[in-house]
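Undergrad: Following this message is one structure expressed as structure tokens.
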Amino acid sequence: MLGLILAIACVVGAITWDGGHLASFVRLPVLALVLGGAFSATISSYYPSQLWNALRGYRRASRIETRKSQALVRLTRYAYVVRHQGLLQLEAEAKKEPEQVLSRALQALADGSSFDEAHCLAEACAAREIREIGMVERFLESVGGYCPTFGLLGTVIGLVTMLAGAKEADAMAGGIASAFVATFYGMFLSNVVFLPWANRARETAKEYEHYVGNLLLGVRLVQSGTAPLLLAERLKEAMGLSMMPALQTQEDKKARDSRVVKIRTAQSDASDQSLKKRLARLG
5 MLGLILAIAC
15 VVGAITWDGG
25 HLASFVRLPV
35 LALVLGGAFS
45 ATISSYYPSQ
55 LWNALRGYRR
65 ASRIETRKSQ
75 ALVRLTRYAY
85 VVRHQGLLQL
95 EAEAKKEPEQ
105 VLSRALQALA
115 DGSSFDEAHC
125 LAEACAAREI
135 REIGMVERFL
145 ESVGGYCPTF
155 GLLGTVIGLV
165 TMLAGAKEAD
175 AMAGGIASAF
185 VATFYGMFLS
195 NVVFLPWANR
205 ARETAKEYEH
215 YVGNLLLGVR
225 LVQSGTAPLL
235 LAERLKEAMG
245 LSMMPALQTQ
255 EDKKARDSRV
265 VKIRTAQSDA
275 SDQSLKKRLA
285 RLG
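All residue numbers for the sequence shown refer to my numbering, where the first residue is 5 and numbers rise by one.
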């Protein structure tokens, strides 16, 4: 977003620096031609279900930073579960796991599969989401490629219309200027908006692949019975998290509640003993 704002500022500055008028570049019909044509040509290359799945996958992958910390907390809990209750208990946890990759791997381990088999299942699930993100990248690249073409088409339409109807030189000059606005829109939208977004989608796919690798590392550590805190520390470094998220398992909660009950019981007993001593003195 910052890059887009800077690019718009540079273009506006270049237009107004020598006394140009921004109103000369505002042509809504031309903008509709460039955007509508580019999107229409690209959409015709895909099925609607493909576009919907790609958009959904990209939205999920773009929230990786939030998903990292949440996955770390859950993997730490799974490590406690395996150390105290065994791998079979992972079946119940797998049904509640929101990450499909992690859910497949945990279910495979609970069924008695080896880590390599669980790894293959999880990678197959991750490959589908990576393909969806790649489809978003190709879609944006396609739109960015069509924009200059439809900008040139708009220029041709404008020139033909102007030459067919203009009778004076002044009107012809204004028509030529308006016609070239379509080329401006096509080049601007392609190089400032859609192609950078396509690069961003490509980086999102790479980041998601790295995230899946860290999830599978966590599954391996869970299977091997690694201590929960050691697992959390190792995954925190692997995921690049700056701070350790709050880790509180059910066992931690039960232990804390038990300590609170013991403290309150001890305080109650001490209070009763103190009251009995006072009554004995008065008696």
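Just so it is clear, CB atoms sit at the ideal spot from N, CA and C, and this is done for glycine as well.
Can you tell which of 223, 8, 240, 61 has its C-alpha closest to the C-alpha of residue 119?
TA: The shortest C-alpha separation from residue 119 is found at 223.
Undergrad: What is the rounded straight-line gap between the Cα of residue 45 and the Cα of residue 234?
TA: Residue 45 and residue 234: Cα-Cα distance of roughly 52 Å.
Undergrad: Would you please state the rounded distance, in angstroms, between the beta carbons of residue 110 and residue 97? I believe it to be under 8 Å.
TA: Indeed they touch by this definition, with Cβ atoms about 6 Å apart.
Undergrad: Looking only at its own chain, which residues have a Cβ that is under 6 Å from the Cβ of residue 155, when we skip the five neighbours before and after it?
TA: 38, 186, 187, 189, 190, listed in sequence order.
Undergrad: From residue 84 to residue 231, what does the alpha carbon distance come to, in whole angstroms?
TA: Looking at the two C-alpha atoms, the distance is approximately 8 Å.
Undergrad: Identify which residue in 195, 47, 50, 129 has its Cα closest to the Cα of residue 219.
TA: Comparing Cα-Cα distances from residue 219 to each of 195, 47, 50, 129, the minimum goes to 129.
Undergrad: Residues in its own chain within less than 6 Å of residue 206 by CB, not counting five upstream and five downstream?
TA: Contacts found: 141.
Undergrad: Could you check if residue 90 is buried or exposed, using at least 16 other CB atoms within 10 Å of its CB as the buried criterion?
TA: Flag for residue 90 reads exposed.
Undergrad: Quick one: which unbroken alpha helix (DSSP H) runs of 4-plus residues sit fully inside the segment 9–55? Chain order, please.
TA: Entirely contained in the segment 9–55, the alpha helix (DSSP H) runs reaching 4 residues are, in chain order, 32–47.
Undergrad: With C-beta atoms as the reference, is residue 30 less than 9 Å away from residue 158?
TA: No, the Cβ-Cβ distance between residue 30 and residue 158 is not below 9 Å.
Undergrad: Give the straight-line distance between the Cα atoms of residue 107 and residue 81, rounded to the nearest whole angstrom.
TA: Distance between the alpha carbons of residue 107 and residue 81: 14 Å.
Undergrad: Evaluate contact between the segment 47–54 and the segment 138–152, counting only Cβ atoms and requiring at least three cross-stretch pairs below 8 Å.
TA: Counting Cβ pairs under 8 Å, three or more are found: they touch.
Undergrad: Check residue 80 in the structure and name its three-state DSSP category.
TA: It is helical.
Undergrad: Given this structure, state the Cα-to-Cα distance separating residue 214 from residue 67, to the nearest angstrom.
TA: Going from the Cα of residue 214 to the Cα of residue 67 covers about 14 Å.
Undergrad: Excluding the 5 residues preceding and the 5 following residue 139 in the sequence, name in chain order all residues of the same chain whose CB lies nearer than 6 Å to its CB.
TA: 58.
Undergrad: Nearest to residue 181 by alpha carbon, out of 18, 198, 13, 24?
TA: The shortest C-alpha separation from residue 181 is found at 24.
Undergrad: Which residues mark the beginning and the end of the alpha helix (DSSP H) in which residue 96 is found?
TA: Where residue 96 is concerned, the enclosing alpha helix (DSSP H) stretches over 94–100.
Undergrad: Does the distance from the CB of residue 163 to the CB of residue 179 come in under 9 Å?
TA: In contact: residue 163 and residue 179 (Cβ atoms closer than 9 Å).
Undergrad: Can you list, in chain order, the residues of its chain whose CB lies under 8 Å from that of residue 101, leaving out five sequence neighbours each side?
TA: For residue 101, where only same-chain residues beyond five positions count, the Cβ hits under 8 Å are 78, 107, 110.
Undergrad: Can you give me the C-alpha to C-alpha distance between residue 121 and residue 193, rounded to a whole angstrom?
TA: Near 46 Å, if we compare the C-alpha coordinates of residue 193 and residue 121.
Undergrad: How many angstroms separate the CA atom of residue 115 from the CA atom of residue 93?
TA: Between residue 115 and residue 93, the C-alpha separation is close to 10 Å.
Undergrad: With a cut-off of 8 Å on the beta carbons, I'd call residue 26 and residue 19 a contact; round off their distance for me.
TA: Residue 26 to residue 19, Cβ: 6 Å. Contact.
Undergrad: What number of angstroms, rounded off, separates the C-alpha of residue 76 from the C-alpha of residue 137?
TA: Cα-Cα distance, rounded: 23 Å.
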